[in-house]
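Colleague: Below is the structure I would like to discuss, written out as C-alpha cells.
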Amino acid sequence: MSRHILVTTDAVGGVWRYSLTLAREWAKAGVRVELAVLGPAPDPAQRAEAGAIDGLAIHVTLLELDWTAPDRASLERVAVALADLARQCGVTSVHLHAPALVGMVEWPGPVIAVLHSCLATWWRAMRDGPPPKDFRWRIEVTADGLRRAEHIVAPSRAFRNMAVEAYDNCRPITVVLNGRDPPAGLFGPASARTRQVLSAGRFWDEGKDVATLDRAAALVDAPVQAAGSFRGPNGQEAASSSLVRLGSLGEPALALAFADTRVFVSTARYEPFGLAVLEAAQCGLALVLSDITSFRELWDGAALFVRPGDAADFASATMQALDNPDLLAANAHARASQYSAAGMAGATLALHHRA
Numbered sequence: 001m002s003r004h005i006l007v008t009t010d011a012v013g014g015v016w017r018y019s020l021t022l023a024r025e026w027a028k029a030g031v032r033v034e035l036a037v038l039g040p041a042p043d044p045a046q047r048a049e050a051g052a053i054d055g056l057a058i059h060v061t062l063l064e065l066d067w068t069a070p071d072r073a074s075l076e077r078v079a080v081a082l083a084d085l086a087r088q089c090g091v092t093s094v095h096l097h098a099p100a101l102v103g104m105v106e107w108p109g110p111v112i113a114v115l116h117s118c119l120a121t122w123w124r125a126m127r128d129g130p131p132p133k134d135f136r137w138r139i140e141v142t143a144d145g146l147r148r149a150e151h152i153v154a155p156s157r158a159f160r161n162m163a164v165e166a167y168d169n170c171r172p173i174t175v176v177l178n179g180r181d182p183p184a185g186l187f188g189p190a191s192a193r194t195r196q197v198l199s200a201g202r203f204w205d206e207g208k209d210v211a212t213l214d215r216a217a218a219l220v221d222a223p224v225q226a227a228g229s230f231r232g233p234n235g236q237e238a239a240s241s242s243l244v245r246l247g248s249l250g251e252p253a254l255a256l257a258f259a260d261t262r263v264f265v266s267t268a269r270y271e272p273f274g275l276a277v278l279e280a281a282q283c284g285l286a287l288v289l290s291d292i293t294s295f296r297e298l299w300d301g302a303a304l305f306v307r308p309g310d311a312a313d314f315a316s317a318t319m320q321a322l323d324n325p326d327l328l329a330a331n332a333h334a335r336a337s338q339y340s341a342a343g344m345a346g347a348t349l350a351l352h353h354r355a
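Read in order, the letters of the sequence shown are residues 1 to 355 in full-length UniProt numbering.
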C-alpha cells in the first residue's frame, strides 16, 4: 500500500529542515506528504523549497506552536484542527513533531511522534528543582502522548536516555539519528579559508548558552559570527556584545558562510542532536563543541570538547582549531557521512509501515 502521511512542522527552527528532508526522501519511494505548518508562516524561500518536492502539499495552518500555546484548551484546538486536516486529506498515518498533541484527539490513523526536544529534559538540563506550573501541564500532556503514540522517535541515544528518565511509562523509544544530504560542491581545506568562526542556532534559547559563546568571542583573536535569531517567538531576547550577528540565514546562505569559515563552535548545554553541527561538518569545518552527552555520542574523536560554560577554555580550543583546522575538519567530515538523509528517512518510513 502506498503511504500518504500528514507531517507537522514549523518554520522557525530545525524541524523545518528535518521535515523537508523526510518529504524529499520519501518522495523517492512514492510517499505523498501533507505538510502542516504550525506557527508563523514560512517565508517565500521556504515555500519555494517545499513546493519543489514531488508529492508534497503544504498547509499553512497558522495554528499555535505546541510550546507557545497558553493553555491545554488552546493545544486541544490545535490537535482537533490537525486531525480534521488528516481526515480531509485521507492520510494513512500521521507524523507529529509534538508528542503533546497525540493524546488530545482521535487521529484517523496510527501516529508516530518525534521527540526533537522537550521541556522536561530541557528543565532537567538547565535548572534545579521542580518545573514551574506553566511547564508542568505541558510536560503532563507530552507524557500522555508518549504513552499513546504507536511509535516514538528520538534523534540520539543520549536524548532517548534523557527522555526515559524524565517520563514514566512511555512506550519504547526508537533512536533514528538525524541525517541530511551534504551541500553540493567541493569545499577547500579549512586552512585556506578566512580565519573566522561561526555558530548557528536559535540563540534566544537558553539551552544554546549564547552568553558563554559571547564571552568566549571576546577572547578569540578572530571574528566569531552568529547565524540565527536572537529574538524568540514569545519576545524573549538574548544579548551579546562580541558576536558578529548575521541574522537568520537560509540553507544556501548558511552553506556559503560555512564555505569561507574554518571553525564551528557550539556552546550548547542542551542539544538533543544539533543539525547545525552536522551541516558544518559536511562543509568541512573543524568542530569545537560543549562536552554534553549527545555531542559526545555523535562526534567523539571528531571534535574538540570543552566543559559547558567555560568561556576561557572555549576561546582556547577555538584558537587551537583556527590555527590547525585541517585534521579536525577531515575527521568531522568523515563522521558526518554516517548521518545520511536516506538512512534517517528509511528508518522512519519503516516505522510508518509497521504502525
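The beta-carbon is built from N, C-alpha and C at its ideal position, and this holds for glycine as well.
Check whether the segment 204 to 223 touches the segment 309 to 325, counting contact only when three or more Cβ pairs, one atom from each stretch, lie closer than 8 Å.
Modeller: With a cut-off of 8 Å, the segment 309 to 325 and the segment 204 to 223 count as touching, because enough Cβ pairs lie within range.
Colleague: Kindly list the residues whose CB is nearer than 6 Å to the CB of Asp-168, restricted to its own chain and excluding five residues on each side of it in sequence; keep chain order.
Modeller: On the sequence shown, position 168 is the one that residue 168 refers to. Nothing meets the Cβ criterion.
Colleague: Consult DSSP for Arg-72 and reduce its assignment to one of helix, strand or coil.
Modeller: Translated into positions along the sequence shown, residue 72 becomes position 72. Note: Arg-72 maps to helix in three-state DSSP.
Colleague: Tell me, please, which residues DSSP counts as bridged to Glu-34.
Modeller: In the sequence shown, the residue the question calls residue 34 occupies position 34. BP columns for Glu-34 point to Leu-6, Ala-57.
Colleague: Would you tell me roughly how many angstroms separate the C-alpha atoms of Gln-128 and Thr-348, rounded to the nearest one?
Modeller: As a first step, residue 128 must be located in the sequence shown, where it is residue number 128. As a first step, residue 348 must be located in the sequence shown, where it is residue number 348. Per the sequence presented here, residue 128 reads as Asp, with Gln not at that position. Whole-angstrom Cα-Cα distance: 34 Å.
Colleague: Report the option in Gly-232, Thr-21, Asp-134 whose CA atom is closest to the CA atom of Glu-206.
Modeller: As a working mapping, residue 206 is identified with position 206 in the sequence shown. Minimum Cα distance to Glu-206 is reached at Gly-232.
Colleague: What are the start and end residues of the alpha helix (DSSP H) that includes Arg-124?
Modeller: Taking the sequence shown and counting its residues from 1, one reaches residue 124 at position 124. 119 to 126 is the extent of the alpha helix (DSSP H) around Arg-124.
Colleague: Would Val-197 pass as a contact of Leu-63 if the rule is Cβ separation under 8 Å?
Modeller: Position 197 of the sequence shown, counted from the start, is the residue given in the question as residue 197. Position 63 of the sequence shown, counted from the start, is the residue given in the question as residue 63. Not a contact, by the Cβ cut-off of 8 Å.
Colleague: What does a CB cutoff of less than 7 Å around Val-33 pick up in its chain, not counting 5 residues either side in sequence?
Modeller: Working through the sequence shown from its first residue, we reach residue 33 at position 33. Within the same chain, Val-33 has close Cβ partners Ile-5, Val-7, Ala-23, Trp-26, Gly-55, Leu-56.
Colleague: Reducing DSSP to helix, strand and coil, say where Phe-159 ends up.
Modeller: Here residue 159 is taken as the residue at index 159 of the sequence shown, counted from 1. Residue state, collapsed to three classes: helix.
Colleague: Going along the chain, which unbroken runs of the alpha helix (DSSP H) with 4 or more residues stay wholly within the segment 292 to 327?
Modeller: Runs of the alpha helix (DSSP H) inside the segment 292 to 327: 293 to 299, 311 to 323.
Colleague: Would Ala-86 and Gly-109 be called neighbours here (beta carbons separated by less than 8 Å)?
Modeller: By one-based count along the sequence shown, residue 86 stands at place 86. By one-based count along the sequence shown, residue 109 stands at place 109. Going by C-beta atoms, Ala-86 is nearer than 8 Å to Gly-109.
Colleague: Would you please state the rounded distance, in angstroms, between the beta carbons of Gly-285 and Ala-332? I believe it to be under 8 Å.
Modeller: For the purposes of this step, residue 285 is taken as residue 285 along the sequence shown, with counting starting at 1. For the purposes of this step, residue 332 is taken as residue 332 along the sequence shown, with counting starting at 1. The sequence shown places Leu at residue 285, rather than the Gly named in the question. At roughly 7 Å, the Cβ-Cβ gap stays under 8 Å, so Leu-285 and Ala-332 are in contact.
Colleague: Return the chain-ordered ranges of every beta strand (DSSP E) run that is complete within the segment 132 to 204 and spans a minimum of 3 residues.
Modeller: Whole beta strand (DSSP E) segments, 3+ residues: 151 to 154, 173 to 175, 197 to 200.
Colleague: At a cut of 8 Å, does the segment 147 to 158 reach the segment 123 to 137 through at least three beta carbon pairs?
Modeller: The segment 147 to 158, when compared against the segment 123 to 137, does not touch it at the 8 Å Cβ threshold.
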